[in-house]
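**Student:**
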Amino acid sequence: MILSKLALIYDRYKYLEEKLSDPELASDMKAFTKVNKEYKDLTAIVAEYQTYKLVMENIDSAQAMLKDSDPEMREIAREEIDSLQAEATELEEKIKLLLIPKDPEDSKDVIFEIRSGTGGDEASIFAGDLYRMYSRYFEEMKWKVEAVDINEGSVGGYNKIVLEIFGEEVYGKLKFESGAHRVQRVPETEAKGRVHTSAATVVVMPKYEEEEIDIKKEDLKVDTFRSSGAGGQNVNKVETGVRFTHLPTGVVAESTEARSQHKNREIAMQKLYSRIIEIQREKTYQEQKETRKSLVGSGDRSDKIRTYNFPQNRLTDHRINLTLYNLDRVMDGDISGIIEALQVAENANKMKGEDEN
456 MILSKLALIY DRYKYLEEKL SDPELASDMK AFTKVNKEYK DLTAIVAEYQ TYKLVMENID
516 SAQAMLKDSD PEMREIAREE IDSLQAEATE LEEKIKLLLI PKDPEDSKDV IFEIRSGTGG
576 DEASIFAGDL YRMYSRYFEE MKWKVEAVDI NEGSVGGYNK IVLEIFGEEV YGKLKFESGA
636 HRVQRVPETE AKGRVHTSAA TVVVMPKYEE EEIDIKKEDL KVDTFRSSGA GGQNVNKVET
696 GVRFTHLPTG VVAESTEARS QHKNREIAMQ KLYSRIIEIQ REKTYQEQKE TRKSLVGSGD
756 RSDKIRTYNF PQNRLTDHRI NLTLYNLDRV MDGDISGIIE ALQVAENANK MKGEDEN
């Protein structure tokens with residue numbers, strides 16, 4: 456069963472390989488990028504398939520040796536079969552993971568937002584610490600980062616940071632970061648040495664292309680307005696804020712993050728795309744009677760996902776009951792292990808769902 460499925464994937468892989476050498480495709484960069492991405496996505500599965508196929512062929516050869524008249528040869532064959540079957544079982548588990556349908560959004564770039572939450576100045580300082588942590592991780596991943604809006608706190612740190620992140624599998628790795636991040640530590644301003652709890656929030660939003668979402672211009676109401684600061688003072692003398700209302704669904708999305716109306720239009724449209732897709736997803740889940748809870752969550756700022764306890768050098772991810780005692784390293788950007796653990800848990804959920812269906 457698994458071999459026949461893998462053989463079909465291999466046929467598709469060889470077809471894409473031939474297509475990539477077609478000069479006509481090379482002249483259409485958009486089409487070439489799409490084909491090349493699918494080809495690269497299948498490469499890991501094909502490599503495991505070729506190894507698995509070779510192992511199965513060797514098992515067949517060893518089983519043929521069991522008919523040998525020499526007892527010593529039969530014993531060697533039995534040992535070989537035991538070893539090869541263990542290898543085949545391990546490969547099957549790897550292949551099962553690779554065959555889990557990938558979330559098509561995983562490959563997307565993102566709009567990444569950090570905001571200080573409850574806790575006043577300490578929350579702003581913690582938002583700054585998270586910014587430093589993520590920045591080091593972005594560097595490690597060799598992703599491109601563009602700042603959209605950075606609003607510094609009054610005593611250090613940041614009230615709000617909005618970034619655009621570009622690279623490979625950005626959303627697939629960062630989607631788990633959406634939610635409330637809680638910190639427990641003694642603030643520098645605390646004279647009595649008491650541990651305080653404050654929070655910062657992260658929202659990770661995939662960036663969509665216009666052609667991916669079917670939104671008609673006549674279904675959109677567009678408003679522009681002046682972005683205002685504290686106390687209602689107008690920061691801009693021109694109308695840089697943008698608000699979209701999708702009339703068929705009533706979904707509203709706006710942006711005042713950027714200083715230009717052009718960039719705010721782009722961000723507001725991305726928010727609109729995300730909210731409409733969320734509605735479509737929810738409808739699909741209801742139709743399919745989806746009961747599994749995603750690790751990703753809703754991205755709601757009230758979803759507490761992680762606690763950073765500085766006195767104990769402890770990090771706890773509440774979704775998968777993961778506790779680590781290397782918070783100092785985590786705050787220096789060493790978060791790959793946490794993200795991998797979340798990906799493994801998500802894949803386990805998906806595999807469980809496949810088994811139930």
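This note's numbering applies: residue 456 is where the sequence shown begins, and numbers increase by one.
A virtual CB, placed ideally from N, CA and C, is assigned to each residue, including glycine.
Between the Cα of ALA654 and the Cα atoms of LYS672, LEU675, TYR586, ALA635, which residue gives the shortest distance?
**Tutor:** ALA635
**Student:** Is it buried or exposed, ARG649, if we count other Cβ atoms within 10 angstroms and call 16 or more buried?
**Tutor:** exposed
**Student:** If you reduce the DSSP assignment to three classes, tell me which class ILE550 lands in.
**Tutor:** helix
**Student:** I'd like to confirm the pairing. Which residues does DSSP put opposite ASN764 in its beta bridges?
**Tutor:** GLN639, ARG769
**Student:** Between the Cα of VAL658 and the Cα atoms of SER562, ARG570, VAL600, which residue gives the shortest distance?
**Tutor:** ARG570
**Student:** Does the beta-carbon distance from TYR589 to GLU632 come in below 9 Å?
**Tutor:** yes
**Student:** What residues in its chain sit with their C-beta under 7 Å from that of GLN688, if we drop five residues either side in the sequence?
**Tutor:** Reliability fails at GLN688, whose pLDDT of 44 lies under 50, so the model's placement of it is uncertain and the value that follows must be treated cautiously. Taken in chain order, the list of residues that qualify is empty.
**Student:** Measure from the alpha carbon of ASN614 to the alpha carbon of each residue in LYS676, THR700, ARG591, GLU568, then state which is nearest.
**Tutor:** GLU568
**Student:** Please list the segments of the alpha helix (DSSP H) lying wholly inside the segment 580-643, counting only runs of 4 or more residues, in order along the chain.
**Tutor:** 625-629
**Student:** Determine the direct distance from the alpha carbon of PRO766 to that of ILE790, and round the result to whole angstroms.
**Tutor:** 19 Å
**Student:** Just tell me which of ARG637, ARG784, SER729 has its CA closest to the CA of ILE566.
**Tutor:** SER729
**Student:** Pairing CB atoms from the segment 572-587 with CB atoms from the segment 538-555, are three or more of them under 8 Å?
**Tutor:** no
**Student:** How long is the line joining the alpha carbons of TYR468 and VAL490, rounded to whole angstroms?
**Tutor:** 10 Å
**Student:** In whole angstroms, give me the CA-to-CA distance for ILE616 and ASP783.
**Tutor:** If I take the Cα positions, the gap works out to 22 Å.
**Student:** Give me the Cα-Cα distance between LEU471 and TYR494, rounded to the nearest whole angstrom.
**Tutor:** Cα-Cα distance, rounded: 6 Å.
**Student:** Flag this pair as yes or no: are the beta carbons of ASP584 and GLY612 separated by less than 9 Å?
**Tutor:** yes
**Student:** Just tell me which of GLU512, GLU548, HIS717 has its CA closest to the CA of ALA803.
**Tutor:** GLU548
**Student:** Return the chain-ordered ranges of every alpha helix (DSSP H) run that is complete within the segment 486-560 and spans a minimum of 4 residues.
**Tutor:** 526-554
**Student:** Grab the span of the beta strand (DSSP E) containing ASP678 for me, first residue to last.
**Tutor:** 675-680
**Student:** How long is the line joining the alpha carbons of HIS717 and PHE699, rounded to whole angstroms?
**Tutor:** 13 Å
**Student:** Quickly, what does DSSP pair ALA713 with across the bridge? List them, please.
**Tutor:** BP columns for ALA713 are empty, so no partner.
**Student:** Hey, out of ASP477, GLU479, ILE500, whose CA is closest to ALA462's CA?
**Tutor:** ILE500
**Student:** In the structure shown, what three-state DSSP assignment does ARG467 receive?
**Tutor:** Assigned with DSSP and collapsed to three states, ARG467 falls in helix.
**Student:** Should HIS701 and ILE731 be called a contact, given that it needs their Cβ atoms to be closer than 9 Å?
**Tutor:** yes
**Student:** Within a Cβ cutoff of 8 Å, which residues of the same chain sit near VAL706, ignoring the five residues on either side of it in sequence?
**Tutor:** THR700, LEU727, ARG730, ILE731, ILE734
**Student:** Residues in the same chain with beta-carbon distance under 7 Å from ASP561, minus the five sequence neighbours each way, listed in chain order, please.
**Tutor:** GLU624, TYR626, GLY627
**Student:** Classify GLY792: buried if its beta carbon has 16 or more other beta carbons within 10 angstroms, exposed otherwise.
**Tutor:** exposed
**Student:** Should PRO559 go down as buried or exposed, given a rule of 16 or more other Cβ atoms within 10 Å for buried?
**Tutor:** When all chains shown are included, PRO559 counts as exposed.
**Student:** Measuring only the C-alpha atoms, how far is ASP604 from ARG714?
**Tutor:** 8 Å
**Student:** Determine the direct distance from the alpha carbon of LEU546 to that of TYR507, and round the result to whole angstroms.
**Tutor:** 6 Å
**Student:** Out of LYS557, ILE580, MET660, which one is the CA nearest neighbour of LYS805?
**Tutor:** LYS557
**Student:** When DSSP labels each residue in this structure, what does ILE566 get in the three-state scheme?
**Tutor:** The three-state secondary structure of ILE566, taken from DSSP, is strand.
**Student:** Can you list, in chain order, the residues of its chain whose CB lies under 7 Å from that of GLU503, leaving out five sequence neighbours each side?
**Tutor:** LEU546, LYS549, ILE550, LEU553
**Student:** Confirm, please, whether the CB-CB distance from ARG637 to THR778 is below 9 Å.
**Tutor:** No, the pair does not count as a contact, with Cβ atoms beyond the cut-off.
**Student:** Should GLY622 be listed as close to the ligand PLP, given that the test is whether its C-beta is under 8 Å from any heavy atom?
**Tutor:** Here there are no bound small molecules, and the ligand PLP is not part of this structure.
**Student:** Considering only residues of the same chain and omitting the five flanking positions on each side of GLN639, which have a CB-CB separation below 8 Å?
**Tutor:** VAL650, HIS651, THR652, THR762, TYR763, ASN764, PHE765, PRO766
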